[in-house]
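Have a look at the structure below before the remarks.
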Amino acid sequence: MDCRVLGEVSENPYVLLLNDLSLFPISHYFFAFLAFSFAFLYHFLEFHFLQDLFNGFRGSPVSLTYNPSSPIYHGVVSKCRILHARYLATPWLSSPHFQTVFLSFFGRPPAFSYRRKLFNLSDGGTVALDWLLSSDVSGGVFSTNNTIPKGDTTPIVLVIPGLTSDSDAAYIKHLAFNTAKKGWNVVVSNHRGLGGISVTSDCFYNAGWTEDLRTVVSNLHDEYPNAPLFLVGLSIGANILVKYLGEDGDKVPVAGAVAICSPWDLLIGDRFIGRRLLQKFYDKALTTGLLGYAQLHQPHFFRLANWEGIKKSRSIRDFDQHATCVVGKFETVDTYYRRCTSANYVGNVSVPLLCINALDDPVCTREAIPWEECRANVNIVLATTKHGGHLAFFEGLTAAGIWWVRATDEFLKILHSSQYMHVQKMVSFGTQSSLDSSIDQGPYVNIAEDGMVAAVGNEQAKENRTEDVLEQQKTHQRKTNEMVSGEQDDHMIKPEPCLAEIVQSSEQATRRKDSKPLDVITPVRRCLDLLSERSRWSFWLLVYVSIVTSWPLVGSALQIVFRKKLRNAFPAA
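Residues 14 to 586 in the working numbering are what the sequence shown lists, from first letter to last.
Below is the structure:
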């Protein structure tokens with residue numbers, strides 16, 4: 014396997030789910046108008062804004078689910094201020110539908126350039142690895158010749174995107190930029206056929222295909238053995254991540270991981286997304302993205318799957334029936350969903366894992382969250398918020414920040430400075446049982462709320478490697494603890510107390526609120542200038558949404574206030 018450096022990433026030939034409105038014809042602006050109109054109705058019908066108003070805009074506490082004897086909670090998460098504070102959604106985006114649609118249409122990602130490497134897989138497939146080094150965002154001159162020394166100890170964060178998403182997605186760019194600003198290196202592993210890369214084999218990726226992730230992780234660990242490797246999976250990427258961690262257990266060369274908005278159980282998710290009108294809207298939108306992906310790689314799908322059935326697909330399940338099951342030789346769509354569900358692997362996760370889900374997620378339902386399985390595993394902490402939508406979690410008056418990005422950065426930083434980073438016990442990727450690995454599930458195609466289409470063979474021979482890395486990582490942990498010992502107190506709630514004190518302090522921390530004042534005028538002005546520069550249609554659409562959503566409430570409030578004043582001024586005779 015070899016990697017070829019390509020330098021800066023060119024613009025993606027297509028952007029799924031309307032990540033950038035400026036690239037689409039006027040019909041898509043009408044689609045945006047309809048989406049916001051639907052979201053507006055649900056915004057007030059579900060009373061999210063009114064609930065925040067009556068609560069004094071204090072937000073809601075983050076609910077943490079963990080094993081009482083979990084060293085990850087007591088040694089790491091108990092020191093995370095963000096997870097023990099409250100999450101307040103942007104007031105005019107408190108509806109989960111507003112949050113999700115706003116992320117897809119606007120997102121407001123930071124501007125920067127990746128450096129790209131093409132990674133060739135053993136079956137002839139190709140994936141694009143997009144790097145963002147800490148030096149790229151620290152004010153230095155961007156150069157495609159910059160490389161990471163083999164003995165470098167700077168942590169690396171590997172990001173696994175969601176359904177038909179790549180490194181250009183807004184939520185990926187928010188995470189990559191904030192992590193690189195922190196001083197770490199970031200690499201986004203784009204799925205096969207995405208990121209402007211053609212499919213070069215008959216192998217695609219899907220919601221349960223972990224072999225590509227396994228190979229990329231192994232390669233990064235071999236190239237940079239002294240750099241702690243952390244993984245972050247988003248949506249279907251989170252499903253792939255958790256499944257991979259469960260399949261390989263102690264064998265993974267991963268120090269820690271974070272799963273954001275995982276669907277957990279694909280079968281439950283399939284039932285949920287076709288249940289209500291709004292969910293069917295998301296089902297249709299995701300299916301449109303999958304059809305665009307299939308059209309982009311039509312020669313492969315025409316040869317491997319039922320192309321006529323794919324073109325007639327009106328839902329994710331239809332697409333799976335004509336693509337995934339045909340190529341993968343699954344008896345039914347439900348069989349495919351059961352085999353690729355990550356909830357089945359939660360109990361075998363041996364890496365410190367933070368899972369974040371929003372209870373109002375309109376795409377990945379709370380019904381699929383494996384609460385008891387997460388509580389039973391001492392390596393997992395599950396954080397759930399009342400609001401947030403799907404991958405959105407906007408915060409601040411102008412929706413300038415994403416809450417889960419800050420929570421992820423803080424968790425990984427504290428984990429890195431602690432003694433609880435996972436240490437690889439052994440590495441043996443060659444032999445996997447048919448029950449535990451997706452290697453033996455035969456060729457198949459994927460889809461799901463954030464997965465991809467994949468046709469994969471089970472005849473790939475893997476090399477067996479054995480490597481002792483215990484001493485290297487222990488040495489690194491000792492050096493890290495010495496360097497951050499002085500800094501750690503500034504980011505922790507309190508030093509290591511006894512178990513009872515930790516539990517009590519964590520419960521008290523959930524009731525804390527952020528009293529930091531907001532700078533209102535400057536961010537609003539910057540936001541409006543940015544929108545007007547990007548797209549005049551986008552700007553006026555946002556103005557329309559702001560007026561429509563705020564005026565009914567403001568008008569009602571003014572009417573109540575002046576009615577009381579008039580009664581006091583002119584009392585009944």
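We put the CB at the ideal spot given by N, CA and C, even for glycine. Fair warning: this is a prediction, and the values are worked out from it, not measured in the lab.
With 16 other CB atoms within 10 Å as the buried threshold, where does T223 fall? Looking at its Cβ environment, which holds 16 or more other Cβ atoms inside 10 Å, T223 is buried.
Within 10 Å of its beta-carbon, does A389 have 16 or more other beta-carbons around it, so buried, or fewer, so exposed? exposed
How about the region 399-410 and the region 212-227: do they share at least three Cβ pairs that are nearer than 8 Å? no
CB of G137 within 7 Å of CB of T213, strictly: Yes, they are a contact pair.
Under the three-state reduction of DSSP, which class applies to I573: helix, strand or coil? helix
Tell me whether the region 166-184 and the region 290-308 touch, counting them as touching only if at least three CB pairs, one residue from each stretch, are closer than 8 Å. yes
First through last residue of the alpha helix (DSSP H) which encompasses K324: Counting along the chain, the alpha helix (DSSP H) containing K324 begins and ends at W320 to K324.
In the DSSP assignment, the alpha helix (DSSP H) including A182 goes from what residue to what residue? Counting along the chain, A182 falls outside any alpha helix (DSSP H), and DSSP gives it neither H nor E.
Rounded to the nearest angstrom, what separates G1 and D165 at their Cα positions? Here the chain comprises residues numbered 14 to 586, so residue 1 is not present and cannot be evaluated.
Thinking C-alpha only, which one of S91, S82, Y257 and Y349 is nearest F424? S91
CB of G72 within 7 Å of CB of Y100, strictly: yes
W144 - partner residues in DSSP beta bridges: R128 and V200
Contact the region 342-351 vs the region 371-389: 3+ CB pairs below 8 Å: no
Per-residue DSSP class, three states only, for N392: coil
Which residues share a DSSP beta bridge with G72? DSSP lists no partner for G72.
Does the distance from the C-beta atom of E385 to that of V359 stay below 7 Å? no
With distances taken between CB atoms, is the gap from W417 to E408 smaller than 7 Å? Not in contact: W417 and E408 (Cβ atoms no closer than 7 Å).
What did DSSP end up calling E344 once you bin it into helix, strand or coil? coil
For D449, which residues from the same chain have a beta carbon less than 7 Å from its beta carbon, with the 5 sequence-adjacent residues on both sides left out? Its pLDDT being 42, under 50, D449 is placed unreliably by the model, and nothing is read from it.
Pick out whichever of S431, P74, V199 and D374 has its Cα sitting closest to the Cα of I161. That would be V199, whose Cα lies nearest to the Cα of I161.
In three-state terms, what does DSSP make of Y79? strand
Nearest neighbour of A270, chosen from F243, S117 and A193 [CA to CA]: F243
So, at 6 Å on beta carbons, what are the nonlocal neighbours of G196 in its own chain, with the 5 sequence-adjacent residues on each side left out? S147
How is the beta strand (DSSP E) around N370 delimited, first residue to last? L366 to A371
Please return the same chain residues whose Cβ sits closer than 7 Å to the Cβ of S326, not counting the five positions on each side in sequence. T300, L304, F332 and H335
Should A124 go down as buried or exposed, given a rule of 16 or more other Cβ atoms within 10 Å for buried? Counting every other CB atom within 10 Å of its CB across the protein chains shown gives A124 a total below 16, marking it as exposed.
Rounded C-alpha distance that separates I382 from M434: Using only the alpha carbons, I get a separation of about 25 Å.
Please confirm whether A420 and I85 have their CB atoms less than 7 Å apart. Their beta carbons are not under 7 Å apart, which means A420 does not touch I85 by this criterion.
Alpha carbon to alpha carbon, how far is I185 from H110? Whole-angstrom Cα-Cα distance: 20 Å.
Using the DSSP secondary-structure output, state which residues sit across from G269 in a beta bridge. According to DSSP, which records beta bridges pairwise, G269 is partnered with F243.
When the Cα atoms are used, what is the spatial distance from L131 to V140? Each residue's Cα considered, the two are about 6 Å apart.
Leaving out five residues before and five after H234 in sequence, what residues of the same chain have Cβ atoms less than 7 Å from its Cβ? L242 and P266
Any idea if Y315 is buried or exposed, counting beta-carbon neighbours within 10 angstroms, 16 or more meaning buried? Checking the displayed sequence, the identity of residue 315 turns out to be Phe instead of Tyr. Burial check for F315: the Cβ neighbour count within 10 Å stays below 16, so the residue is exposed.
Taking C-alpha atoms, which residue in L226, A182, L366 and H187 lies nearest to R205? L226
Residue from D422, I210, V391 and R288 with nearest C-alpha to I273: D422
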